[in-house]
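Structure, as structure tokens:
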Amino acid sequence: MTSRYHEVYSGWQQDPEGFWAKAAAEIDWFSPWEKVFDAKAGVYGRWFPGATCNTCFNAVDRHVEGGRKDQPALIHDSPISGRKKSFTYGELKDEVSALASVLKDFGVGKGDRVVIYMPMVPEAVFAMLACARIGAVHSVVFGGFAARELAARIDDAAPKAIISASCGLEPGRVVAYKPLLDEAIRLCAAKPEACLILQREEQRCDLAEGRDHDYAALVGAARSAGRAVDCEPVLATDPLYILYTSGTTGRPKGVVRDNGGHMVRLKWSMFNEFGIEPGETFWAASDVGWVVGHSYIVYAPLLHGCTTVLFEGKPVGTPDAGVFWRVIAEHNVAALFTAPTAFRAIRTADPDAELLAPHDLTGFRSLFLAGERADPDTVKWAEKTLGVPVIDHWWQTETGAPISQDPVGLGMLPVKYGSPGVPMPGYDVQVLDDAGDPVPAGTLGNVVVKLPLPPGGLPTLWNDDKRFRDAYLSEFPGYYKTADAGMLDEDGYLFIMARTDDIINVAGHRLSTGGMEEVVAEHPAVAECAVIGIADPLKGQVPCGFVVLHGKAQTDMGSVEQELIAMVRERIGPVAAFKKVVSVKRLPKTRSGKILRATMQKIADHREWTMPATIDDPSILDEISEALGKSDS
Ligand code: COA
Ligand code: AMP
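Just so we're aligned: 480 in our numbering is position 105 of the sequence shown, and the numbers increase by one with no gaps anywhere.
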């Protein structure tokens, strides 16, 4: 089939508002917009101002009313607990309505925030949709973050209520969530009025008198009483959620997502980009705590009337590297979306994919990879193993949907390995040098997007227009700075090579090395430190801390190292995977005192490097190589 991509993309270029107005016809609105786009509203403009709508209505109720009442909406498949459960759209509506009525009993209403700190259980999805139903703003916090990170998010969002669970399940261990939640609430100034706790049978927890409530008891009673809550009309421009993501300091950025534009963008993506029809099963093997989970476990598949899979397990070890094939076959998954690291893990455990043989994957059509650069070797292995197109696509928490990819529904373009495809409609992607001038095709530079961002792109950061401008819009006026470095080739394909800030991608998880440095620097034995991301064959990148110890502490590096690893795990969380610390005499710096992280990274990765012209003392780089050599041996 010839791709319609170029025709559709140029249609958008010629008439962006007409393009999105047409896409918006796929959504049920309570009342129409005054303008498709108001360039004068908000920081850089707002989509569909004046329109009223409800995201839960479009994701749930309209399918119940439109003939999908008995179709599975959500399948929870948890190899880690041995449980599987499916919910039809009708059942999903009952669960969500019951929870929405409980939230209302707590006084949660339009605009109030609700923090959700949950493992991969159906109740996490119900919680998101219940908030959407009553116009409350959810903020999901990933379960792998520790109490301090959770506290920082609670303080910023100031939620009226928190929905959490007694525990999460990781291979070989039960992660008690409740002590982390209690500690976070103790640490933060903005105390929630109520916490709704799901008791999981693997490990129950104590409930604090007055503050904590049992999820099953309250929601069960509301469900039995048939209590229902109508979908609250909200403005298209009202916030649906806040999702905190790593910024260049330890303070996370609260990415805001609106209701109207988000629905339009996600609904459009399901067929045009992912090639999925309503009624089919879509599986994003991510976590609801990340943007991929928000967009492609919860909202996009449900807005499109699909069946979505919520998977509580890992690609390997639950019980083995064949679990992805089992889930695809058992639930007739048409498309899987995951991070390349998951496929690297499967390939390492089962290089010849022997565990694939027992499973019938005839209904499986495509594999989508994102979250980190998809290395061509892994892409080719997945193509050969599965015999379906493997599509690398590039996006960010801030955009909520792909910026670039090979659009399956519009018809695929010739594949270029190492490239996450071409810009999607809505995205005028350009590459600029540091002075803000466009660079020729094939030249590396700063990847930016000409404003405005399309519907669904972040309109601002929570309560912080200034930080939004400073972090994303000021450096290249008129453009959104992605903070990725890369290039566009002569055919318009993008290549994303690295971040231009201190963010690293560990197993597809976005983390700030600056945040880790803040923790390491607090150790009394550490005089100075730098944390950088170094290449890792499984996780893509892992953090590595370089520390200069105070005189006396130098003899006790072993215990300092263990303490630093424990501190990062306790303050940021196990997901940081901070397990390597190298003791150095000095850190390499420029004459103006800037640490030469990029050069250190190249040395650690055994890549070619040149002596920076601005270096203060070149001999320090030899010391770094030597220290790394010692720590590897
Ligand atoms: N709650 C508590 N702890 C969690 C957690 C959660 N929700 N998620 C992860 N952790 C912990 C893990 O148990 C692990 O702890 P450990 O150091 O004690 O082993 C640590 O955080 C790191 O977890 P993870 O990044 O998942 O690494 P892993 O070594 O357990 O597994 C992979 C490696 C590749 C199998 C795994 O990273 C994976 O499945 N990745 C898929 C990619 C993905 O989901 N990306 C999201 C964006 S698309
Ligand atoms: P997150 O906000 O967690 O989705 O992380 C976004 C960052 O992950 C991007 O800015 C990129 O650095 C990286 N990223 C995501 N997808 C890709 C991809 N397909 N190729 C290269 N980098 C990617």
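Glycine included, each C-beta is placed from N, C-alpha and C at the ideal position.
Is A882 near the ligand COA, judged by its Cβ being under 6 Å from some heavy atom?
Position 507 of the sequence shown, counted from the start, is the residue given in the question as residue 882. At least one heavy atom of the ligand COA is nearer than 6 Å to the Cβ of A882, so yes.
State the Cα-Cα distance for the pair M503 and N707, rounded to the nearest angstrom.
Position 128 of the sequence shown, counted from the start, is the residue given in the question as residue 503. Position 332 of the sequence shown, counted from the start, is the residue given in the question as residue 707. If you draw a straight line from the Cα of M503 to the Cα of N707, it comes to about 25 Å.
Pick helix, strand or coil for H588, following the three-state DSSP scheme.
Position 213 of the sequence shown, counted from the start, is the residue given in the question as residue 588. In the structure shown, H588 sits in a strand (DSSP, three-state: E or B).
Where E545 falls: helix, strand or coil (DSSP):
Against the sequence shown, residue 545 aligns to sequence position 170. Secondary structure at E545: strand, using DSSP grouped into helix, strand and coil.
For Y671 versus A659, is the C-beta spacing smaller than 7 Å?
Within the sequence shown, residue 671 is the residue found at index 296, counting from 1. Within the sequence shown, residue 659 is the residue found at index 284, counting from 1. Their beta carbons are under 7 Å apart, which means Y671 touches A659 by this criterion.
Other residues of its chain near N433: CB distance less than 7 Å, five sequence neighbours each side excluded
As a first step, residue 433 is located in the sequence shown; it is residue number 58 there, counting from the start. Taken in chain order, the residues that qualify are I402, D403, M638 and L678.
W422 and P993 - do their beta-carbons sit closer together than 7 Å?
To locate residue 993, count along the sequence shown from 1; it is residue 618. To locate residue 422, count along the sequence shown from 1; it is residue 47. W422 sits away from P993, with the two beta carbons spaced by 7 Å or more.
Any 3 or more C-beta pairs closer than 8 Å across the stretch 900-919 and the stretch 877-891
The stretch 900-919 is in contact with the stretch 877-891.
Between the Cα of K856 and those of W770, V512 and E903, spot the shortest distance and give me the residue it belongs to.
Position 481 of the sequence shown, counted from the first residue, corresponds to residue 856. Of the candidates W770, V512 and E903, the one whose C-alpha sits nearest the C-alpha of K856 is W770.
Among R632, T713, I871 and A704, which has the Cα closest to the Cα of P690?
Residue 690 sits at position 315 when you count from the first residue of the sequence shown. Comparing Cα positions, the closest option is T713.
Could you check whether the Cβ of P795 sits closer than 6 Å to any heavy atom belonging to the ligand AMP?
In the sequence shown, the residue the question calls residue 795 occupies position 420. For P795, the shortest separation between its Cβ and any heavy atom of the ligand AMP lies below 6 Å.
Is any non-hydrogen atom of the ligand COA found closer than 6 Å to the C-beta of P715, if you look at the structure I gave you?
On the sequence shown, residue 715 is found 340 positions in, with the first residue counted as 1. Checking every heavy atom of the ligand COA against the Cβ of P715, none is found closer than 6 Å.
From the DSSP secondary-structure annotation, give me the bridge partner or partners of S453.
Locating residue 453 in the sequence shown gives position 78, where the first residue counts as 1. DSSP output for S453 lists R458 as bridge partner(s).
Our contact map puts W756 next to R722 with C-beta atoms below 8 Å; I'd like the distance itself, whole angstroms only.
Residue numbering aside, residue 756 sits at position 381 when the sequence shown is read from its first letter. Residue numbering aside, residue 722 sits at position 347 when the sequence shown is read from its first letter. About 5 Å; that satisfies the 8 Å criterion.
Among the candidates E687, L828, A591 and G635, whose CA atom is the shortest distance from the CA of P777?
Mapped onto the sequence shown, residue 777 falls at position 402. Nearest C-alpha to P777: L828.
Which whole runs of the beta strand (DSSP E) in the stretch 622-693 are 3 residues long or more, in chain order?
Entirely contained in the stretch 622-693, the beta strand (DSSP E) runs reaching 3 residues are, in chain order, 628-633, 656-659 and 682-686.
On the DSSP letters alone, give me the boundaries of the alpha helix (DSSP H) that Y802 sits inside.
Looking up residue 802 in the sequence shown gives position 427. Per DSSP, Y802 lies in no alpha helix (DSSP H) segment and is marked neither H nor E.
Let me check you understand the geometry: is the CB of W658 closer than 6 Å to at least one non-hydrogen atom of the ligand COA?
Against the sequence shown, residue 658 aligns to sequence position 283. No, the ligand COA has no heavy atom inside 6 Å of this Cβ.
Measure the C-alpha to C-alpha separation of A1002 and G680 and round it to an integer number of angstroms.
In the sequence shown, counting from the first residue as 1, residue 1002 sits at position 627. In the sequence shown, counting from the first residue as 1, residue 680 sits at position 305. Each residue's alpha carbon lies about 56 Å from the other.
Since E903 is in the beta strand (DSSP E), which residue starts that stretch and which ends it?
Within the sequence shown, numbered from 1, the residue matching residue 903 stands at position 528. It spans V901 to D911 - the beta strand (DSSP E) in which E903 sits, taken as one unbroken run.
Please indicate yes or no: does the CB of E470 lie closer than 6 Å to some heavy atom of the ligand AMP?
Taking the sequence shown and counting its residues from 1, one reaches residue 470 at position 95. Checking every heavy atom of the ligand AMP against the Cβ of E470, none is found closer than 6 Å.
Anyone know if the C-beta pair for P834 and V631 falls short of 7 Å?
The residue you call residue 834 lines up with position 459 of the sequence shown. The residue you call residue 631 lines up with position 256 of the sequence shown. Going by C-beta atoms, P834 is nearer than 7 Å to V631.
Rounded straight-line distance, which links the Cα of V516 to that of P782:
Numbered from its first residue, the sequence shown carries residue 782 at position 407. Numbered from its first residue, the sequence shown carries residue 516 at position 141. Approximately 30 Å between the Cα atoms of the pair.
Hey, is K955 close to the ligand COA, as in C-beta under 6 Å from one of its heavy atoms?
If you number the sequence shown from 1, residue 955 lands on position 580. Between the ligand COA and the CB of K955, the shortest heavy atom gap is not smaller than 6 Å.
At which residue ranges does the stretch 713-797 contain complete beta strand (DSSP E) runs of 3 or more residues, listed in the order of the chain?
Within the stretch 713-797, the complete beta strand (DSSP E) runs of at least 3 residues are 741-744 and 765-767.
Looking at D864: is its Cβ nearer than 7 Å to the Cβ of G817?
To locate residue 864, count along the sequence shown from 1; it is residue 489. To locate residue 817, count along the sequence shown from 1; it is residue 442. Taking the C-beta atoms as reference points, G817 is found nearer than 7 Å to D864.
State the DSSP-derived secondary structure class of P614, mapped to helix, strand or coil.
As a first step, residue 614 is located in the sequence shown; it is residue number 239 there, counting from the start. P614 carries a strand assignment under DSSP once its states are collapsed to helix, strand and coil.
Which residue wins for smallest C-alpha separation from H451, given the options K460, F870 and C542?
Translated into the one-based positions of the sequence shown, residue 451 becomes position 76. The shortest C-alpha to C-alpha distance from H451 to any of K460, F870 and C542 is the one to K460.
Got a sec? Which residues, its chain only, sit under 8 Å from T427 by beta carbon, not counting five neighbours each side?
As a working mapping, residue 427 is identified with position 52 in the sequence shown. Within the same chain, T427 has close Cβ partners W404, F405, S406, P608, V609, L610 and A611.
Compute the minimum distance between the beta carbon of R874 and the heavy atoms of the ligand AMP, and state whether it is under 6 Å.
Position 499 of the sequence shown holds residue 874. At least one heavy atom of the ligand AMP is nearer than 6 Å to the Cβ of R874, so yes.
What residue does the beta strand (DSSP E) around I940 start on, and which one ends it?
Residue numbering aside, residue 940 sits at position 565 when the sequence shown is read from its first letter. Element bounds for I940: not the beta strand (DSSP E) but the alpha helix (DSSP H), M932 to R946.
Close Cβ partners of F520 (< 6 Å) along its chain, the five nearest in sequence each way excluded:
Numbered from 1 along the sequence shown, position 145 holds the residue referred to as residue 520. Excluding positions up to five away in sequence, the list reads G948.
If you draw a straight line from the C-alpha of R626 to the C-alpha of A527, how long is it?
Numbered from its first residue, the sequence shown carries residue 626 at position 251. Numbered from its first residue, the sequence shown carries residue 527 at position 152. For R626 and A527, the gap between their C-alpha atoms comes out near 7 Å.
Which runs of the alpha helix (DSSP H) fall wholly inside the stretch 839-899 and span at least 4 residues, in chain order?
Whole alpha helix (DSSP H) segments, 4+ residues: 840-843 and 888-896.
Residue range of the beta strand (DSSP E) that S514 falls in?
Taking the sequence shown and counting its residues from 1, one reaches residue 514 at position 139. V512 to V515 is the extent of the beta strand (DSSP E) around S514.
With burial defined as no fewer than 16 other Cβ atoms inside 10 Å of the residue's Cβ, what is the status of P813: buried or exposed?
As a working mapping, residue 813 is identified with position 438 in the sequence shown. Result: exposed.
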